[in-house]
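Trainee: Residue 586 is where the sequence shown starts when you use the working numbering, and the numbers rise one by one after that.
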Amino acid sequence: MGRFLALFLTAFVFVSITLSITLSVTPAEASYSKAKYHGKTFCPKGAFFDPRKGGQYWSCPKGTHRTIFPVTGVQACEKRASVSAAKATFRGKRKNPKPKGAFYDRRKGGEYWSCPKGYPRRTAYKVTDRRDGEECLSSRA
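#1: Which value, in whole angstroms, describes the spacing of the CA atoms of Lys711 and Arg665?
#2: Using 8 Å as the cut-off, can you tell me whether the segment 667-681 makes contact with the segment 695-706, which would need three or more C-beta pairs spanning the two stretches below that distance?
#3: Where does the unbroken beta strand (DSSP E) through Phe654 begin, and where does it stop?
#4: Using a Cβ-Cβ cut-off of 7 Å (strictly less than) and excluding sequence neighbours within five positions of His623, which residues of its own chain qualify?
#5: Quick one: give me the first and last residue of the beta strand (DSSP E) that Gly694 is part of.
#6: Distance, Cα to Cα, Thr649 vs Lys638?
#7: Using only the alpha-carbon positions, how far apart do Ser616 and Thr708 sit?
#8: Need the endpoints of the beta strand (DSSP E) that Val712 sits in, please.
#9: Are Lys619 and Val659 closer than 7 Å when you measure CB to CB?
Here you go:
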């Protein structure tokens, strides 16, 4: 029984840490648009069939994709957001004043790092993590 409890607690801690890291980075938001109605008989290239009212053909604006929302709604089509990552830049040791726009990392007794312009969000990865270049995130819809 003791082995099972230890295994359970280890798994619980792992899941808790994974969830907290995952939820600490907010997802990039997508932008939505309406679909264009084409009628009941004409199906242009790139249009899709919707079974409402006996069947209708619709299309999404270029660069967007069909969502699960109603075809007549404002969220019928979606432009997916893209996320890009960038490497953080070393800004100094903890013994010095904190530079403007920098964040604190505990490595080597404390260091200040910053993300490049356009990358306002910090990920949960350490600056020395093997996922080199993924310390800062930027999302674009």
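Beta carbons are placed, not taken as given, at the ideal position from N, Cα and C, and that holds for glycine.
Mentor: Per the coordinate set shown:
#1: Distance between the alpha carbons of Lys711 and Arg665 is about 28 Å.
#2: The segment 667-681, when compared against the segment 695-706, does touch it at the 8 Å Cβ threshold.
#3: From DSSP, Phe654 is part of no beta strand (DSSP E); its letter is neither H nor E.
#4: These residues qualify, in order along the chain: Pro629, Ala632, Tyr642, Trp643 and Ser644.
#5: No beta strand (DSSP E) contains Gly694, which DSSP labels as neither H nor E.
#6: Each residue's alpha carbon lies about 24 Å from the other.
#7: Linking Ser616 to Thr708 through their CA atoms gives a straight-line distance of about 23 Å.
#8: Taken as a continuous stretch (DSSP letters only), Val712 belongs to no beta strand (DSSP E), as it is neither H nor E.
#9: The Cβ atoms of Lys619 and Val659 lie closer than 7 Å to each other.
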